[in-house]
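Engineer: So the numbering used here is basically just the index in the sequence shown, starting at one, shifted up by 325.
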Amino acid sequence: MSSIISTNLQFMEILVDLHETVKVSISNKKRWQLAFATIYCSRAFLSPFKKQQIINKFTPPNEISSDWRKISPNPSSRIVIDVVEKHPVFPDIDQPILTNLVKEKSLNQLAKLGGVEGISSSLKTNQQNGINDTNPEVIVSRHEAFGMNTYQKPPTKSFFHYAYEALKDPTILILLICAALSLGFGMKEDGPKEGWYDGGSIFVAVFLVISVSAVSNFRQSRQFDKLSKVSNNIPVEVVRNGRRQQISIFEIVVGDVVCLKIGDQVPADGLFIDGHSLQVDESSMTGESEHVEIDQIMNPFWFSGTKVADGYAKMLVTSVGMNTTWGEMMSTISGDSDEQTPLQARLNKLTSSIGKVGLLVAFLVLVVLLVRYFTGNTEDENGNKEFNGSKTKVDDVINGMVGIIAAAVTIVVVAIPEGLPLAVTLTLAYSMKRMMADQAMVRKLSACETMGSATTICTDKTGTLTLNQMKVTKFWQGKETIEGKNYTLISSNVLELFHQGISLNTTGSVYKASKLCLDFEFSGSPTEKAILSWAVLELNMDMDAVKRDCNIVNVQAFNSEKKRSGILMKKAGDGTSHVHWKGAAEMILALCSHYYDLEGNVKALNDDERTKFDQIIQGMAASSLRCIAFAHKQVSQSENGEENKRIEENGLTLLGFVGLKDPCRPGVKKAVEDCQYAGVNIKMITGDNVFTAKAIATEWDT
326 MSSIISTNLQ
336 FMEILVDLHE
346 TVKVSISNKK
356 RWQLAFATIY
366 CSRAFLSPFK
376 KQQIINKFTP
386 PNEISSDWRK
396 ISPNPSSRIV
406 IDVVEKHPVF
416 PDIDQPILTN
426 LVKEKSLNQL
436 AKLGGVEGIS
446 SSLKTNQQNG
456 INDTNPEVIV
466 SRHEAFGMNT
476 YQKPPTKSFF
486 HYAYEALKDP
496 TILILLICAA
506 LSLGFGMKED
516 GPKEGWYDGG
526 SIFVAVFLVI
536 SVSAVSNFRQ
546 SRQFDKLSKV
556 SNNIPVEVVR
566 NGRRQQISIF
576 EIVVGDVVCL
586 KIGDQVPADG
596 LFIDGHSLQV
606 DESSMTGESE
616 HVEIDQIMNP
626 FWFSGTKVAD
636 GYAKMLVTSV
646 GMNTTWGEMM
656 STISGDSDEQ
666 TPLQARLNKL
676 TSSIGKVGLL
686 VAFLVLVVLL
696 VRYFTGNTED
706 ENGNKEFNGS
716 KTKVDDVING
726 MVGIIAAAVT
736 IVVVAIPEGL
746 PLAVTLTLAY
756 SMKRMMADQA
766 MVRKLSACET
776 MGSATTICTD
786 KTGTLTLNQM
796 KVTKFWQGKE
806 TIEGKNYTLI
816 SSNVLELFHQ
826 GISLNTTGSV
836 YKASKLCLDF
846 EFSGSPTEKA
856 ILSWAVLELN
866 MDMDAVKRDC
876 NIVNVQAFNS
886 EKKRSGILMK
896 KAGDGTSHVH
906 WKGAAEMILA
916 LCSHYYDLEG
926 NVKALNDDER
936 TKFDQIIQGM
946 AASSLRCIAF
956 AHKQVSQSEN
966 GEENKRIEEN
976 GLTLLGFVGL
986 KDPCRPGVKK
996 AVEDCQYAGV
1006 NIKMITGDNV
1016 FTAKAIATEW
1026 DT
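1) Are the CB atoms of Glu514 and Val738 within a distance shorter than 8 Å?
2) Which two residues bound the contiguous alpha helix (DSSP H) that contains Trp859?
3) In whole angstroms, what separates the C-alpha of Val722 from that of Gly701?
4) Three-state secondary structure (DSSP) at Trp1025?
5) Which value, in whole angstroms, describes the spacing of the CA atoms of Met760 and Thr650?
6) If you reduce the DSSP assignment to three classes, tell me which class Thr700 lands in.
7) Measure the C-alpha to C-alpha separation of Tyr755 and Arg544 and round it to an integer number of angstroms.
8) Tell me the DSSP secondary structure of Met776 in three-state form.
9) Using the C-alpha atoms, what's the distance from Glu442 back to Gly981?
10) Taking 8 Å as the CB-CB cut-off, is Asn707 touching chain D?
11) Assuming Lys428 is part of the alpha helix (DSSP H), what are its boundary residues?
12) Who are the near neighbours of Pro851 in its chain, counting only those whose CB is closer than 7 Å to its CB and skipping five residues on each side?
13) What is the rounded straight-line gap between the Cα of Thr781 and the Cα of Ala765?
14) Alpha carbon to alpha carbon, how far is Gly908 from Gly1004? Give it in angstroms, no decimals.
15) Would you tell me roughly how many angstroms separate the C-alpha atoms of Ala539 and Val414, rounded to the nearest one?
16) Quick check on the DSSP output: the beta strand (DSSP E) that includes Val414 runs from which residue to which?
17) Using 8 Å as the threshold, is the C-beta distance between Phe1016 and Ala915 below it?
18) Measure from the alpha carbon of Asp705 to the alpha carbon of each residue in Val696, Ser715, Asn724, then state which is nearest.
19) On a CA-only basis, which of Tyr1002, Gly1012, Asp987 is nearest Glu1024? Give me that one, please.
20) Check whether the segment 598-614 touches the segment 492-511, taking contact to mean three or more Cβ pairs, one atom from each stretch, closer than 8 Å.
21) Taking C-alpha atoms, which residue in Val960, Phe955, Ala882 lies nearest to Gly900?
22) Could you say which of Thr978, Gly525, Ala1018, His601 lies nearest to Phe883 if we only look at CA atoms?
23) Under DSSP, the alpha helix (DSSP H) around Met726 begins and ends at which residues?
24) For Ser961, which three-state DSSP category applies?
25) Measuring CB to CB, does Gly976 end up less than 8 Å from Ser918?
26) Count Cβ pairs between the segment 587-594 and the segment 625-640 that sit closer than 8 Å; are there 3 or more?
27) Please name the residue, chosen from Asn566, Met1009, Thr676, that lies closest to Ala494 on a Cα-to-Cα basis.
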């Protein structure tokens, strides 16, 4: 028995050497392994007397390496090699790796790739300055390697599709049957020359209805395609060449550094670079209503299509377009479902009901006429009975029945108002076209009908009723207002605190091309841009210098509930820690126990002083100004150890107020008057101070 085992072991080694000799390809290895297993098992039962014959037959050449003899072949083993052609500009990374990294939320894979910094390096992106797009080839190479940020759309429906859909309408089908019957009966009764009039007329009418309906729906779909391109073209803020700028969402490429704030839609899949207090609404992806926290350690993954619910951050784009998770979902959508307006649905239901009544009446008429005919109660033009039993010829009976059926068909044709829904569709389409001329984009026909039924319009203030072009027009330091250019009156210590609070407690940025350049570029929300512009141009604030001298420890981002934002920072020079708050004046004032006067002295904020500040806030609001307050507090190390990075909210010292003016949009007053004349009430919705809202509403109403 041992000789059999020895023989089989030698035979196994021979086959392994044979495999090396013929150098079977990887694609044929599976077949070879199957053959090996079959031969090996069968030979195990052979007689040892055939050992020498088998060995002689399969002996390999002498030059074969003996290394393979050390390998024990396993028939169940498999070799899988994924061949991915990498782009020459990005040899260290490819799209499948980036796609799966975010899709699977793989922290291990992220660590293997060197973290966010390693991926940034592979994508040739600077996390602070973004990509350098001065050379157009940079963008082109990223498009070639990773694709563009666009989604595949379902194929456009042709004119014949809409014609076929109109042809499937039950009303049209009934009319076609009636037309065929009418044509046949008419030609039978009156001959080919005159008998085709009724049936042919119905065919022509049906053809016109189908053509007009198909043309209307076809043009409507083309309009919607154009509107979707405009409505989906969302501006996104990115960092390129060290400058924050706005570009179209379709222009984003892999490697871009995107700046996101509360309310923004995430434009692509990506990785977290830095940010604070970040909460993301991923309900569009997962269906879960709970907000997801994104940070640098536990969950640095962003999904396209989600929304920032709180905080702000920077994101490194890793996948765009169809390579994102959102893109995969979009590819499964076949297209928009045909949707009817409420009026169209009711009219179609009415048409169907009328048609059913018409069919019932036509059937009753058919039965009555047939009974009268076959009972001999009908007479011809000469006064003779049309049916006289067996004496009546077959042709006369057929002609009589044809006339009766034609009468019933005529009732059905007349009863069905096939043009009623089409008339409504054409009317709404015409209204939509007129509204387009007035710069009103209507994506659905039902919107025209809904607006016609509206009695109240709730509108946003900022950007809708105003130009959304903020500018600081009023400044209060303590209880004193500083008019004109007299900012030198501000004490140096208070001015330094203003610089810190404005430079660090912001989501905006200041860009200057060079030291010799006198022009600044400000980015961020309109409010942030207005405050930064005022601080740089009027208070001589150097944002870069402040950021070099101070380190941000913690941030509380602005949200609509608290109406304020705050930071905890530490000065690099003396190591002291400071808290800065900025927000709605009435909210910040409630947190303050002291204030700085014009000389820079700290004064207690008693009830009388608080009343005066309330009057200042109300006065600015009455002038249609948005009032923003700044406050500060120095905290000790015991209050702010490593274990406690909470931003203090009590016992603050008020620095001052700024009043921002947002000019009214031209034509708003007339539009409000037109709506009121039409019986439509206008309600303004805003997060501003109630006094500011009243002042602006009064300005438009007078």
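Even for Gly, the Cβ is constructed at its ideal location relative to N, Cα and C. No experiment lies behind these values; they were computed from the predicted model shown.
Structural biologist: Answer, in terms of the structure:
1) The residue labelled residue 738 in the question sits at position 413 within the sequence shown. The residue labelled residue 514 in the question sits at position 189 within the sequence shown. Not closer than 8 Å, so no.
2) What you label residue 859 is simply residue 534 of the sequence shown in a count that begins at 1. That run of the alpha helix (DSSP H) goes 851-863.
3) Looking up residue 722 in the sequence shown gives position 397. Looking up residue 701 in the sequence shown gives position 376. Between Val722 and Gly701, the C-alpha separation is close to 12 Å.
4) Locating residue 1025 in the sequence shown gives position 700, counting from the first residue. Secondary structure at Trp1025: helix, using DSSP grouped into helix, strand and coil.
5) In the sequence shown, residue 760 corresponds to position 435, counting from 1. In the sequence shown, residue 650 corresponds to position 325, counting from 1. Spanning the alpha carbons of Met760 and Thr650 requires a straight line of approximately 36 Å.
6) What you label residue 700 is simply residue 375 of the sequence shown in a count that begins at 1. Correct three-state label for Thr700: coil.
7) Along the sequence shown, one-based indexing puts residue 755 at 430. Along the sequence shown, one-based indexing puts residue 544 at 219. C-alpha separation (whole angstroms): 11 Å.
8) Taking the first residue of the sequence shown as 1, we reach residue 776 at position 451. Correct three-state label for Met776: helix.
9) Your numbering for residue 981 matches position 656 in the sequence shown. Your numbering for residue 442 matches position 117 in the sequence shown. About 41 Å.
10) The structure shown contains no chain D; it is built from a single protein chain.
11) What you label residue 428 is simply residue 103 of the sequence shown in a count that begins at 1. For Lys428, the enclosing alpha helix (DSSP H) covers residues 420-428.
12) Position 526 of the sequence shown, counted from the first residue, corresponds to residue 851. Once the five neighbours on either side are set aside, the close Cβ partners of Pro851 are Asn793, Gln794, Met795.
13) Residue mapping note: residue 781 aligns to position 456 of the sequence shown, counting from 1. Residue mapping note: residue 765 aligns to position 440 of the sequence shown, counting from 1. Near 18 Å, if we compare the C-alpha coordinates of Ala765 and Thr781.
14) What you label residue 1004 is simply residue 679 of the sequence shown in a count that begins at 1. What you label residue 908 is simply residue 583 of the sequence shown in a count that begins at 1. Whole-angstrom Cα-Cα distance: 38 Å.
15) To locate residue 539, count along the sequence shown from 1; it is residue 214. To locate residue 414, count along the sequence shown from 1; it is residue 89. Spanning the alpha carbons of Ala539 and Val414 requires a straight line of approximately 50 Å.
16) Taking the sequence shown and counting its residues from 1, one reaches residue 414 at position 89. Element bounds for Val414: n/a, residue is neither H nor E.
17) Here residue 1016 is taken as the residue at index 691 of the sequence shown, counted from 1. Here residue 915 is taken as the residue at index 590 of the sequence shown, counted from 1. Cβ atoms of Phe1016 and Ala915: not closer than 8 Å.
18) Locating residue 705 in the sequence shown gives position 380, where the first residue counts as 1. Among Val696, Ser715, Asn724, the Cα nearest to that of Asp705 is on Asn724.
19) Taking the sequence shown and counting its residues from 1, one reaches residue 1024 at position 699. Nearest of Tyr1002, Gly1012, Asp987 to Glu1024, Cα basis: Asp987.
20) Taking 8 Å as the limit for Cβ pairs, the verdict is that the segment 492-511 does not touch the segment 598-614.
21) If you number the sequence shown from 1, residue 900 lands on position 575. Closest by alpha carbon: Val960.
22) The count along the sequence shown starts at 1 and reaches residue 883 at position 558. Out of Thr978, Gly525, Ala1018, His601, His601 has the C-alpha closest to the C-alpha of Phe883.
23) Position 401 of the sequence shown, counted from the start, is the residue given in the question as residue 726. Per DSSP, Met726 belongs to the alpha helix (DSSP H) from 719-740.
24) The residue labelled residue 961 in the question sits at position 636 within the sequence shown. The DSSP-derived three-state label of Ser961 is coil.
25) Here residue 976 refers to the residue found at position 651 when the sequence shown is read from its first residue. Here residue 918 refers to the residue found at position 593 when the sequence shown is read from its first residue. Cβ distance < 8 Å, so Gly976 and Ser918 count as in contact.
26) Here the segment 587-594 lies against the segment 625-640, with 3 or more beta-carbon pairs under 8 Å apart.
27) Stepping through the sequence shown from its first residue, residue 494 is reached at position 169. Looking at the sequence provided, one finds Asp at residue 494 rather than Ala. Of Asn566, Met1009, Thr676, the residue nearest in Cα terms is Thr676.
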